[in-house]
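Undergrad: Below are the structure tokens for one structure; questions will follow.
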Amino acid sequence: MELAAEGHRTTRVAPENLYAGLYRIRRFEQRTADLFRAGEVKGTAHSSIGQEAIAVGFGAALDARDYVVGHHRSHGHVLAKGGEPKRMFAELLGRAAGSCGGLGGSMHIADLALGILGCNGVVGAGLGLGCGAALAAQLRGEDRVTVVFFGDGAAGEGVTHEALTLAAVWSLPVLFVCENNQYALTTEWRQSRPVERIAARGAAYAIPAETIDGNDVEGVLAHAVAAIAAVRAGDGPRLVEAVTYRHLEHSMRANLPETRDLNRHEREVAADPIARYERALLERGFEAMQLANVRAAIDAEIDDAIAWARVQPEASADGLMRAAYAPHAGSYPDVPSDAGRRLSLVGGVREALAQEMERDRAVVLIGEDVEMGGIFTASQGLRDRFGAARVRNTPIAELGFADLAVGAAMTGLRPVVEIQIFDFVTLAMDAIVNQAAKLRFMMGGTATVPIVFRGPSGGGVRLAAQHSQSLEAWFAHVPGLVVVAPSNARDAKGLLAAAIRDDNPVVFLEAKSILFDEGPVPEGETVIPLGVAEIKRAGSDVSVVATQAMVRHALRAAQELAREGISVEVVDPRTLYPLDIKTILASARKTGRVVVAHEAPVFAGIGAEIAAAVNEEAFFDLDAPVARVGAAHHPVPYADHLERSTLPTWERIVEAIRGLP
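So that you can map any letter, position 256 of the sequence shown is 272 in the numbering used here, and since no number is skipped, the others follow by simple counting.
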């Protein structure tokens, strides 16, 4: 079969190769079901039986350099992009030789070497990730297309709307392929959307869209070639809805009753894409024996792959932390002397952004209103200096642009994502917690996700409950994330530079109440290693471990208590994960008394972790229990006197120190 899109390369695919592709996916899925029933495949797996023609048609139209983003039902996509059955089966069996080292499993199977950027257990997440890969290709001027597969159930997700909006606004080289199998788990499409055709939504985004027969492999290929050629030519995104039918239940573990209409089910299964293509090939003169030989060869290939996978060593626990975190840089140039120059904390952030954007063209800044400088001026002047391609205003779509940034980070950029007010990070939690923090691990440590999520956090500026939260403990609790919390302008500049250079996802918190506090900041290249605490004031009687704005209060408390002859040591962790517990313990052992102070509520705050660690490691060196200072356990109120009484102050630290036995 030969297909050509005008002005672009010709795609030649032998019919027997299309047939082999269909049957390879079918046989892989059948044998996966066998292995699941035998207890060798654990957890669950989602079969794509009945949907093979979509994967094969689009896979045949792609070049090796193109990207693919799948979903939870993506064995077929991986095989169609060149995935090796033996490594895929090894992954499903939890073997170290698996394509993700046995750490991803069925729903998260991927192969970065083939441009397969991961499959995803979170419905709809892949659309944003694919936009990020497309943005990376666009900024580098690469002739590369990203194809994102998603199910009709994902059409109801907000991130789908956000991703389509971003793709259209930025004219990204991405092709969205909706595999409409007409059911989301047990919910039929009429129960979940007001329009029959998902392609009809393309008009709302000014994206060309079409609905095709997803069971006609040659028809799918023809449409795929044309759509991919248009995207590759720079015509912007496309949306293709391929209508098909899922033969089996939602997943192998669902154990749900069959809710689909049985008469309709029989009709749909009778339209099976493989049987349909077999009939077409026989009518064209292919011999039945030819097709039987193709099937026999693939049966042997699949059986050999399973046999190989079964004898591979099981995934080892030794490399789990290496899979979760990329190595941090060991050393940086010495920090220049301060030379008497003073900047605000937000000024330090601005200098770090400029320093790193000048140093590395892969660094891009995205977020709401960053072109004009952001509402706290952190990016002021950067658009004029580095251009609109690298300092990019986004729609109000926190989950969409956060997901996009994760995909861009996986494919060569170093995005810095500004969350305009950090409370809004709650709208992007899936991107940060399920995507950025997990993708390297689920890919067996083969990926890096160098991304920074930064913005103003905390209270103290009368913005009330939804704009005043200190959420750092959430992120410190999530494996895969680095959490940074500077307390002054110098640290903000140096730590943000290190965060941008780091190969891990970093949450970088800029406390609102000290954004415009000034302090000495070096002019030259400034990078402060992550995970290293600093003694802000030496002392001998009590250690105050304080974070962010509370460092200022701790220093004031130390100054006040010095008049009474009490010597207070102030320790600033600076990085909350990884936490420099050695420096904290050394201080605790020296003074014998510890107070932990942070702006967040006391209950389950980062201070609880610090107190527990000091108790576990230095209990016999303490002369008193560890005390904690933090906010009251209610939202931050608007009225200024009530906000002041809610948030901790230097007086509260003094009170806590005086209360120690």
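Every residue gets a Cβ at the ideal spot worked out from N, C-alpha and C, and that includes glycine.
1) Hey, quick one: how far does the beta strand (DSSP E) through residue 223 stretch, first residue to last?
2) Nearest-angstrom Cα distance between residue 301 and residue 293?
3) Between which two residues does the alpha helix (DSSP H) holding residue 147 run?
4) Leaving out five residues before and five after residue 314 in sequence, what residues of the same chain have Cβ atoms less than 8 angstroms from its Cβ?
5) Do residue 128 and residue 662 come within 8 angstroms of each other at the CB atom, strictly closer than that value?
6) How would you write the range of the alpha helix (DSSP H) that residue 656 sits in, first residue to last?
7) If you reduce the DSSP assignment to three classes, tell me which class residue 277 lands in.
8) What does the alpha-carbon distance come out to for the pair residue 521 and residue 335?
9) What distance in whole Å lies between the Cβ atoms of residue 625 and residue 357, which are believed to be in contact at a cut-off of 8 angstroms?
10) Tell me whether residue 207 is buried or exposed, calling it buried when 16 or more other Cβ atoms sit within 10 Å of its Cβ.
11) Short of 8 angstroms in beta carbon distance, which residues of its chain neighbour residue 236, apart from the five on each side in sequence? Order them along the chain.
12) Measure the alpha-carbon distance for residue 445 versus residue 415 and round it to whole angstroms.
13) Determine the burial state of residue 59: buried for a count of at least 16 other Cβ atoms within 10 Å of its Cβ, exposed for fewer.
14) In terms of DSSP beta bridges, what is residue 433 paired with?
15) Apply the 10 Å Cβ neighbour rule to residue 470 and answer buried if 16 or more other Cβ atoms are within range, or exposed otherwise.
16) Could you check whether residue 620 and residue 642 sit closer than 8 angstroms to each other, using their CB atoms as the reference points?
17) Assuming residue 422 contacts residue 148 under a Cβ cut-off of 8 angstroms, what Cβ separation, rounded to an integer in Å, is found between them?
18) Quick check: what's the CA-CA separation for residue 448 versus residue 341?
19) Nearest-angstrom Cα distance between residue 418 and residue 383?
20) Could you check which residue in 96, 243, 569 and 169 has the C-alpha nearest to that of residue 161?
21) For residue 165, report the span of its beta strand (DSSP E) as first-last.
22) Rounded to the nearest angstrom, what separates residue 190 and residue 329 at their Cα positions?
23) Scan the stretch 503–549 and note each continuous alpha helix (DSSP H) run of 4 residues or more that stays entirely inside, going in chain order.
24) Which runs of the beta strand (DSSP E) at least 3 residues long sit entirely within the stretch 573–636? Give them in chain order.
25) Could you work out which residue in 264, 311, 494 and 273 is closest to residue 64 when comparing CA atoms only?
26) With residue 257 as the anchor, note down where its beta strand (DSSP E) starts and where it stops.
27) Please identify the residue among 168, 670 and 495 whose C-alpha is closest to the C-alpha of residue 194.
28) Our contact map puts residue 584 next to residue 573 with C-beta atoms below 8 angstroms; I'd like the distance itself, whole angstroms only.
29) Taking buried to mean at least 16 other C-beta atoms within 10 Å of its own C-beta, is residue 519 buried or exposed?
30) In angstroms with no decimal places, state the Cα-to-Cα distance between residue 365 and residue 580.
31) Return the CA-CA distance between residue 654 and residue 617, expressed in angstroms with no decimal places.
32) Out of curiosity, what's the CA-to-CA distance linking residue 506 and residue 437?
33) Taking buried to mean at least 16 other C-beta atoms within 10 Å of its own C-beta, is residue 439 buried or exposed?
34) Terminal residues of the continuous beta strand (DSSP E) containing residue 409?
35) Compute the distance between the beta-carbons of residue 222 and residue 348, then report whether it is under 8 angstroms.
36) Measuring CB atoms only, is the stretch 131–150 touching the stretch 174–184, in the sense that at least three cross pairs come out at less than 8 angstroms?
TA: According to the structure data:
1) That residue, residue 223, is in no beta strand (DSSP E); it is neither H nor E in DSSP.
2) Straight-line Cα distance between these residues: approximately 13 angstroms.
3) Here the alpha helix (DSSP H) through residue 147 covers 141–156.
4) If we look at residue 314 and ignore the five residues flanking it on each side, its Cβ neighbours are 36, 39, 40 and 43.
5) In terms of Cβ geometry, residue 662 and residue 128 do not form a close pair [threshold 8 angstroms].
6) For residue 656, the uninterrupted alpha helix (DSSP H) run begins and ends at 656–662, by DSSP.
7) Of the three classes helix, strand and coil, the one that applies to residue 277 here is coil, per DSSP.
8) The alpha-carbon of residue 521 is positioned some 19 angstroms away from that of residue 335.
9) Separation of the CB atoms of residue 357 and residue 625 is rounded to 36 angstroms, and the pair is thereby denied contact status at 8 angstroms.
10) It counts as exposed.
11) Its chain contains 69, 70, 72, 73, 74, 228, 229, 230 and 258 as the residues whose beta carbon lies nearer than 8 angstroms to that of residue 236, once the 5 sequence neighbours on both sides are disregarded; these appear in chain order.
12) Going by the C-alpha atoms only, they are around 7 angstroms apart.
13) Residue 59 comes out exposed.
14) Under DSSP, residue 433 takes part in a beta bridge, and its partners are 382 and 469.
15) Its Cβ being crowded by 16 or more others within 10 Å, residue 470 is buried.
16) No, they are not a contact pair.
17) Rounded to whole angstroms, the Cβ separation of residue 422 and residue 148 is 6 angstroms, and the two are in contact under 8 angstroms.
18) Whole-angstrom Cα-Cα distance: 14 angstroms.
19) Taking the straight line from one Cα to the other gives about 9 angstroms.
20) For residue 161, the closest alpha carbon among the candidates 96, 243, 569 and 169 is that of 243.
21) Element bounds for residue 165: 162–167.
22) Their Cα atoms are separated by approximately 38 angstroms.
23) Correct list: 505–517.
24) Complete beta strand (DSSP E) runs here, min 3: 584–588, 591–593 and 610–617.
25) The shortest Cα separation from residue 64 among 264, 311, 494 and 273 belongs to 264.
26) Looking at the DSSP string, the run of the beta strand (DSSP E) that includes residue 257 is 254–259.
27) The shortest Cα separation from residue 194 among 168, 670 and 495 belongs to 168.
28) That belief holds up - the Cβ atoms of residue 584 and residue 573 are roughly 7 angstroms apart, short of 8 angstroms.
29) Residue 519 counts as buried, since no fewer than 16 other beta carbons sit within 10 angstroms of its beta carbon.
30) Here the alpha carbons of residue 580 and residue 365 stand approximately 37 angstroms from one another.
31) Straight-line measurement puts the Cα of residue 617 at about 17 angstroms from the Cα of residue 654.
32) So the alpha carbons of these two residues sit roughly 22 angstroms apart.
33) By the 10 Å Cβ count, residue 439 comes out buried.
34) For residue 409, the enclosing beta strand (DSSP E) starts and ends at 407–409.
35) No, these two residues do not count as a Cβ contact at 8 angstroms.
36) The stretch 131–150 vs the stretch 174–184: in contact.
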